[in-house]
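Reviewing the structure listed below.
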Amino acid sequence: MADRGREYLILADEDLISLVEAGDAEAFATLYDRHSRAAFSLAYRMMGERQASEDLTQDAFLKVWRGASSYRSERGSVRTWILSIVHNRGIDQLRSQASRRRTQDRVEATAPRSQPSEAFAETWRNSQRDQVREALNTLPSEQLKILELAYFSGYTHVEISELLRLPLGTVKGRMRLGLKKIRDYFESRDAAVPR
Amino acid sequence: MSEINHERFEDLKDAYVLGALPEDERRSFEDYLVAHPERQAEIDELSAVAGLLAFSPQEQEPSPELRNRVMGVVEAEADPRLVRRPSVLARVGDYLSVRNLAFGAAALLVIGLLLWNVLLQDQVQDLQGQVENAQGRVQDLQGELKDAQAQQSQTIKLKGSWAEQGAIAEVASMQKNQNILVARNMPSVPEDKTCQIWVIKGDVPKSSGLFQPDGNGTATPITNSIRKADAIAVTVERAGGSKKPTSDPVLLAKL
Chain A
2 MADRGREYLI LADEDLISLV EAGDAEAFAT LYDRHSRAAF SLAYRMMGER QASEDLTQDA
62 FLKVWRGASS YRSERGSVRT WILSIVHNRG IDQLRSQASR RRTQDRVEAT APRSQPSEAF
122 AETWRNSQRD QVREALNTLP SEQLKILELA YFSGYTHVEI SELLRLPLGT VKGRMRLGLK
182 KIRDYFESRD AAVPR
Chain B
2 MSEINHERFE DLKDAYVLGA LPEDERRSFE DYLVAHPERQ AEIDELSAVA GLLAFSPQEQ
62 EPSPELRNRV MGVVEAEADP RLVRRPSVLA RVGDYLSVRN LAFGAAALLV IGLLLWNVLL
122 QDQVQDLQGQ VENAQGRVQD LQGELKDAQA QQSQTIKLKG SWAEQGAIAE VASMQKNQNI
182 LVARNMPSVP EDKTCQIWVI KGDVPKSSGL FQPDGNGTAT PITNSIRKAD AIAVTVERAG
242 GSKKPTSDPV LLAKL
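Residue numbers (this note's numbering), protein chains in the order written: chain A, 2 to 196; chain B, 2 to 256.
Written out as structure tokens, the structure is:
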């Protein structure tokens with residue numbers, strides 16, 4: 002079994018996901034080992050504490066195991082797909098609970114900020130992260146804050162509007178401009194947006 | 002909740018890809034998307050931009066217990082389905098065993114010839130006549146070795162920026178349609194990157210294996226046939242590999 006596991010290390014994610022679809026647990030283990038850290042990091046950013054983050058990561062990976070056939074390569078990479086599952090499930094969980102963390106976000110959101118989110122100031126370990134960080138650092142803090150509240154904290158645009166005491170149109174406009182600015186960052190370097 | 006139309010679609014699409022629509026609005030948006038599949042590509046592209054946020058959090062290490070829990074569930078559910086395990090593993094196993102056999106046979110042949118040479122050179126001093134016969138036999142054996150190597154092990158050297166930096170990479174054809182990329186002195190790549198082998202025919206690159214450069218050298222089976230290919234290339238890709246090359250080849254051989 003261990004030998005086969007080593008052989009799977011040379012297979013691309015798309016090949017592994019086909020094997021997972023056929024019920025191959027070792028192919029799944031290889032995918033887990035490749036992407037669990039990124040998935041857990043996202044879960045931790047959303048949930049804010051280890052146990053809930055591990056539960057979310059487990060939930061997402063079991064969905065990968067049971068729903069590998071729903072992966073569509075034309076929509077993006079396997080890694081992006083796994084992270085989108087974590088994200089969607091995380092949002093569902095955040096919205097289903099009256100979390101103290103969201104209350105904390107409310108307090109933080111109203112405080113003035115001169116710098117982007119602390120997470121974006123970390124030293125990142127790889128070039129893709131570096132590129133994303135650079136792209137996010139080009140955003141004005143008010144745009145970045147709105148993207149973070151939506152993406153990581155699960156707030157709807159209406160809730161963000163209430164939280165920040167901004168007109169709904171302003172919130173939508175900042176979302177649009179923030180996403181456009183990230184895309185422009187890559188286009189200006191003749192680079193495709195990583196998928 | 003108003004009906005989604007073109008104008009409203011435009012107004013909501015950014016919030017949608019960020020996951021910021023309330024449930025009822027999200028459902029209406031997705032109904033509209035189902036009815037207008039021509040807009041799906043636009044949403045996929047925008048989702049990719051929003052999805053970059055997922056790469057931004059500070060890295061956290063999940064516990065080994067989490068892996069045990071997940072694999073416990075998966076292995077319990079996998080048993081009945083494993084019967085239908087595809088034969089990819091067996092094919093990879095074949096590659097490896099063929100490689101080992103071929104390398105072993107070639108090594109034994111070379112060692113045998115060396116021993117013959119040493120023996121014959123000793124005899125030269127005393128038995129000139131026998132030497133001539135023995136040298137004839139050595140030449141015969143060397144000819145046989147060359148023939149055997151030509152049949153079993155043709156190699157193609159890869160060039161490119163990494164080769165200029167001292168990397169040595171060759172594609173060894175061990176048997177018909179069974180090829181291995183053997184590489185050493187390769188530069189290291191970041192933890193989240195991997196080397197991906199591509200077999201290229203015309204303008205179409207096919208992913209043909211992943212490997213992590215190793216100071217001790219690596220031998221990686223090439224998972225697609227190179228018989229009718231135009232080139233073999235190696236690029237540095239994100240961990241897990243890419244569907245298509247996203248960077249220039251660091252190693253390349255035109256066939």
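Beta carbons: idealized from backbone N, C-alpha and C, even for Gly.
(message) Within the continuous alpha helix (DSSP H) that includes serine 85/A, where are the two ends?
(response) Translated into the one-based positions of the first sequence, residue 85/A becomes position 84. It spans 79–97 - the alpha helix (DSSP H) in which serine 85/A sits, taken as one unbroken run.
(message) Could you check whether phenylalanine 56/B and valine 133/A sit closer than 8 Å to each other, using their CB atoms as the reference points?
(response) Numbered from its first residue, the first sequence carries residue 133/A at position 132. Numbered from its first residue, the second sequence carries residue 56/B at position 55. Yes, Cβ-Cβ distance for valine 133/A and phenylalanine 56/B is below 8 Å.
(message) Nearest by alpha-carbon distance to threonine 247/B: which of Lys194/B, Gln41/B and Gln213/B is it?
(response) Here the question's residue 247/B lines up with position 246 in the second sequence. Comparing Cα positions, the closest option is Lys194/B.
(message) Going by the DSSP bridge assignment, what does threonine 156/B pair with across the sheet?
(response) Locating residue 156/B in the second sequence gives position 155, where the first residue counts as 1. Threonine 156/B pairs with Ala173/B.
(request) Look up proline 206/B in the DSSP assignment and give the residues it is bridged to. (result) Here residue 206/B is taken as the residue at index 205 of the second sequence, counted from 1. Looking at the DSSP assignment, proline 206/B forms a beta bridge with Ile201/B.
(request) Indicate whether alanine 173/B and methionine 187/B have their beta-carbon atoms separated by less than 8 Å. (result) By 1-based counting over the second sequence, the position of residue 173/B is 172. By 1-based counting over the second sequence, the position of residue 187/B is 186. No, the pair does not count as a contact, with Cβ atoms beyond the cut-off.
(message) Let me check understanding here. Comparing Cα to Cα, which of Ala232/B, Asn225/B and Ala240/B lies closest to lysine 255/B?
(response) By one-based count along the second sequence, residue 255/B stands at place 254. For the residues Ala232/B, Asn225/B and Ala240/B, the minimum Cα distance to lysine 255/B belongs to Ala232/B.
(request) Closer than 7 Å by beta-carbon distance: list the chain A residues that pair up with threonine 221/B, in chain order. (result) Translated into the one-based positions of the second sequence, residue 221/B becomes position 220. Neighbours of threonine 221/B across chain A, judged by C-beta separation under 7 Å: Ile11.
(request) Whole angstroms is fine: what's the gap from tyrosine 156/A's alpha carbon to glycine 68/A's? (result) Here residue 156/A refers to the residue found at position 155 of the first sequence. Here residue 68/A refers to the residue found at position 67 of the first sequence. Taking the straight line joining both Cα atoms gives about 27 Å.
(message) Rounding to the nearest angstrom, what Cα-Cα distance links isoleucine 93/A and leucine 57/A in this structure?
(response) Position 92 of the first sequence, counted from the start, is the residue given in the question as residue 93/A. Position 56 of the first sequence, counted from the start, is the residue given in the question as residue 57/A. Residue identity check: residue 93/A is aspartate in the sequence provided, not isoleucine. Approximately 10 Å, taken between the alpha carbons.
(request) Could I get the ranges of all uninterrupted alpha helix (DSSP H) runs contained in the segment 29–53 of chain B, with 4 residues as the minimum, in chain order? (result) 41–52
(request) Using three-state DSSP, classify proline 23/B as helix, strand or coil. (result) As a first step, residue 23/B is located in the second sequence; it is residue number 22 there, counting from the start. Here proline 23/B sits in coil by DSSP.
(message) Counting only beta-carbon separations shorter than 8 Å, does isoleucine 86/A have a partner in chain B?
(response) Counting from 1 along the first sequence, the entry for residue 86/A is found at position 85. Output row for isoleucine 86/A: interface = no.
(request) Could you give the DSSP three-state label for glutamine 132/A: helix, strand or coil? (result) Counting from 1 along the first sequence, the entry for residue 132/A is found at position 131. Looking at glutamine 132/A - three-state DSSP - the assignment turns out to be helix.
(request) Note down the Cα distance separating isoleucine 223/B from aspartate 25/A, rounded to an integer number of angstroms. (result) Taking the second sequence and counting its residues from 1, the one referred to as residue 223/B is at position 222. Taking the first sequence and counting its residues from 1, the one referred to as residue 25/A is at position 24. Roughly 22 Å between the two C-alpha positions.
(request) Alpha carbon to alpha carbon, how far is glutamine 140/B from histidine 36/A? Give it in angstroms, no decimals. (result) For this step, residue 36/A is matched to residue 35 along the first sequence. For this step, residue 140/B is matched to residue 139 along the second sequence. Computed Cα separation, rounded: 56 Å.
(message) Buried or exposed for valine 235/B, going by 16 or more other Cβ atoms inside 10 Å?
(response) Within the second sequence, numbered from 1, the residue matching residue 235/B stands at position 234. So valine 235/B counts as buried.
(message) List, in chain order, every chain A residue whose beta-carbon is nearer than 7 Å to that of threonine 254/B.
(response) Position 253 of the second sequence, counted from the first residue, corresponds to residue 254/B. In the sequence on display, residue 254/B carries alanine and not threonine. Chain A residues near alanine 254/B: none, gap ~19 Å exceeds 7 Å.
(message) Helix, strand or coil for arginine 73/A? Go by DSSP, reduced to three states.
(response) Taking the first residue of the first sequence as position 1, residue 73/A is located at position 72. The three-state secondary structure of arginine 73/A, taken from DSSP, is coil.
(request) Return the CA-CA distance between aspartate 25/B and histidine 7/B, expressed in angstroms with no decimal places. (result) The count along the second sequence starts at 1 and reaches residue 25/B at position 24. The count along the second sequence starts at 1 and reaches residue 7/B at position 6. Roughly 18 Å separates the two Cα atoms.
(request) Check whether the Cβ of alanine 184/B lies closer than 8 Å to any Cβ atom in chain A. (result) One-based indexing of the second sequence puts residue 184/B at position 183. Output row for alanine 184/B: interface = no.
(message) Just verifying my parser: in three-state terms, what is the DSSP assignment at glutamate 66/B?
(response) As a working mapping, residue 66/B is identified with position 65 in the second sequence. Glutamate 66/B: helix per DSSP, three-state reduction.
(message) In whole angstroms, give me the CA-to-CA distance for arginine 175/A and lysine 146/A.
(response) Along the first sequence, read from residue 1 onward, the residue named residue 175/A stands at position 174. Along the first sequence, read from residue 1 onward, the residue named residue 146/A stands at position 145. Straight-line Cα distance between these residues: approximately 10 Å.
(message) Can you list, in chain order, the residues of its chain with a C-beta nearer than 7 Å to that of leucine 84/A? Leave out the 5 residues immediately preceding and following it.
(response) Stepping through the first sequence from its first residue, residue 84/A is reached at position 83. Cβ within range, chain order: Ala39, Ala40 and Leu43.
(request) Please name the residues in the segment 57–68 of chain B whose beta-carbon is closer than 7 Å to at least one beta-carbon of chain A, in chain order. (result) Listed by position along the chain: Ser57, Pro58, Gln59, Glu60, Gln61, Glu62, Pro63, Ser64, Leu67 and Arg68.
(request) Apply the 10 Å Cβ neighbour rule to alanine 42/B and answer buried if 16 or more other Cβ atoms are within range, or exposed otherwise. (result) Mapped onto the second sequence, residue 42/B falls at position 41. Classification of alanine 42/B: exposed, given that the 10 Å Cβ count is below 16.
(request) Compute the Euclidean distance between the alpha carbons of glycine 91/A and alanine 170/B, then round it to the nearest angstrom. (result) One-based indexing of the first sequence puts residue 91/A at position 90. One-based indexing of the second sequence puts residue 170/B at position 169. Roughly 45 Å between the two C-alpha positions.
(message) I'd like to know if arginine 28/B contacts chain A, where contact means its C-beta is closer than 8 Å to some C-beta of that chain.
(response) Position 27 of the second sequence, counted from the first residue, corresponds to residue 28/B. So, not an interface residue.
(message) Considering only DSSP beta bridges, list what proline 222/B is partnered with.
(response) Residue 222/B sits at position 221 when you count from the first residue of the second sequence. Partner(s): Ile181/B.
(message) So, at 8 Å on beta carbons, what are the nonlocal neighbours of aspartate 32/B in its own chain, with the 5 sequence-adjacent residues on each side left out?
(response) Within the second sequence, the letter at position 31 stands for residue 32/B. The residues are Ile5.
(request) Check the C-beta distance from alanine 16/B over to lysine 173/A and give it rounded, since I have them as a contact under 8 Å. (result) For the purposes of this step, residue 16/B is taken as the residue at position 15 of the second sequence. For the purposes of this step, residue 173/A is taken as the residue at position 172 of the first sequence. About 6 Å separates the two Cβ atoms, so the contact holds.
(message) Closest to methionine 72/B by C-alpha separation, out of Leu167/A, Phe29/A and Ser74/A, would be which residue?
(response) Stepping through the second sequence from its first residue, residue 72/B is reached at position 71. Ranking Leu167/A, Phe29/A and Ser74/A by CA distance to the CA of methionine 72/B puts Phe29/A first.
(request) Return no unless some Cβ of chain A is closer than 8 Å to the Cβ of phenylalanine 212/B. (result) In the second sequence, the residue the question calls residue 212/B occupies position 211. It does: the Cβ of phenylalanine 212/B has a partner Cβ on chain A nearer than 8 Å.
(request) Find the residues of chain B that neighbour asparagine 89/A, judging by a C-beta separation of less than 8 Å, and give them in chain order. (result) Taking the first sequence and counting its residues from 1, one reaches residue 89/A at position 88. Within chain B, the residues whose beta carbon sits less than 8 Å from that of asparagine 89/A are Gly20, listed in sequence order.
(request) For the beta strand (DSSP E) holding alanine 44/A, just list the boundary residues, first then last. (result) Along the first sequence, one-based indexing puts residue 44/A at 43. No beta strand (DSSP E) contains alanine 44/A, which is instead part of the alpha helix (DSSP H) from 26–48.
(request) Please work out which residues of its chain come closer than 8 Å, Cβ to Cβ, to serine 70/A, disregarding the five sequence neighbours upstream and downstream, and give them in chain order. (result) For the purposes of this step, residue 70/A is taken as the residue at position 69 of the first sequence. Closer than 8 Å at the Cβ level, and outside the excluded window around serine 70/A, lie Glu22.
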